Structure formats: C-alpha cells, structure tokens
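What follows is a single structure, written as structure tokens, with notes after it.
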C-alpha cells in the first residue's frame, strides 16, 4: 500500500469552479506536506507547503491539514484552464533521511471552458 | 536564476545499451535527487545526494542504475544495461536541504528503450 494516497485519480471542473483534491497518509511519522503541480512536458513545481494543522491560503489555492486524521486537501477556487495539470501530494517523515519526499500517485485536473 | 538543467531531453536506446543522463542543479543547492516517473508507478526515488554524499540509493534500482555527483554542480545517472521496462521520464531535482526545503525539478529526460 502506498504511504501517500491521493483521490480522486482524475477530476474535471468548469472554468471558474472549485476543485478539491485529497491526500491521506498511512504513516503517522509524516509531518511535512507539499502540493506539487506538473504541466505536460515539464517537471513538477511546488505550489505550497503546509506543516501545521489548519488552513493555509496562497491566492486561489488553499491547503488544509488535519494531522490527527493524516489528511491533507487542496482547494482551487476560480479554476482556470491553465490549472489543468497533474497534482501531487508529497510528504516527508520525521524519521526518514532529512529532505527526502514520498509522493502520491497524483490527481489529474482538467478545467474546461 | 537558472533552474535545474537536464540533458538530453529525449533519449532512444537499444536494449542492452549504456546510457548516461546529466543534471545540473540550482547553484548553491545542497541536495540532489533522481526520480523515475511512469504512469503506473508514479514518482519513484532513485538516488539522493546531500553535499555530494550518497544518502539513499533507491534499493530496488541498485543493480543497473548508478548515480554519481562528480561535483556540486553536476550529476549523472547511468543505466547499464538498459531494458525496455526502463522506458520512463527521469527527473532530477535539487533543494537547499532540510525538511522544509522545496525541491526544484528539471524538465526531465524521456527515455525510450527499444
């Protein structure tokens, strides 16, 4: 079983709509979480990090972390066609080699006009 | 600022060949990572260097995959011998280091093994 699981596998939302992506960890050692976005033909690029319980907002993107349930979510409001991409949740463990990330399998987001 | 550079962007190899992929990290970054990306397995860590020292060698990838960091600004990933199942996108990333550090990825090398 993957240590970082993402849902849904794919998601389609209308332009201007809200996209909600989910990530759950099966390992309580995971303490630090990231969301990365990958457009076709490019490498992943970090969107935002979240290390504390609660919400973190950056522009149209809001991440939410609940450490008790090991659940992280990413909400994209006013979705744009340029948001169409593969989104990864990534986590690092307290006990693992510092700096190393474990990635989920990704959620493919399609924003249609 | 220059980001992570990877060459070549595309590589086609015959089964059994040796191929070398190259990566130049962001200047000043201490950590360097090699990943393999496929649709089925997603992102898999191959190697992790901290200040040129190998911290993680990717376990299952040991036998035919070898990453080296010759100096702080250049790394190579050698696959020898190549097999068709090695067809994937190989990504290099670098970071300043530490649990809070963002990893910056290169554009990747798409490898096709015939």
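Residue numbers (our numbering), protein chains in the order written: chain A, 58 to 170; chain B, 45 to 158.
Note that CB positions come from ideal geometry on N, CA and C, so glycine has one too.
All values derive from a computational prediction rather than experimental measurement.
Q) Between residue 125(B) and residue 108(B), what straight-line distance do the alpha-carbon atoms span, to the nearest angstrom? A) 6 Å
Q: Give a yes or no on contact between the stretch 71-81 of chain B and the stretch 103-114 of chain A, applying the rule of three or more CB pairs nearer than 8 Å.
A: no
(Q) With the cut-off set at 8 Å, would you say residue 67(B) and residue 150(B) are in Cβ contact? (A) yes
Q. Contact check, residue 158(B) vs residue 56(B) under 8 Å by CB: the rounded distance?
A. 7 Å
Q) Can you check whether the CB of residue 90(A) is closer than 8 Å to the CB of residue 129(A)? A) yes
Q: Label residue 126(A) either buried or exposed according to how many other C-beta atoms from any shown protein chain fall within 10 Å of its C-beta, with 16 as the threshold for buried.
A: exposed
Q) Is it true that the stretch 69-79 of chain A meets the stretch 134-151 of chain A, where meeting means three or more beta-carbon pairs spaced less than 8 Å apart? A) yes
Q. Run through DSSP, which three-state label would residue 130(B) get?
A. helix
Q.
Is there a Cβ of chain B sitting closer than 8 Å to that of residue 162(A), yes or no?
A. yes
**Q.** Listed by chain order, chain A residues near residue 86(B) by CB distance under 9 Å
**A.** 59, 145, 160, 161, 162, 163
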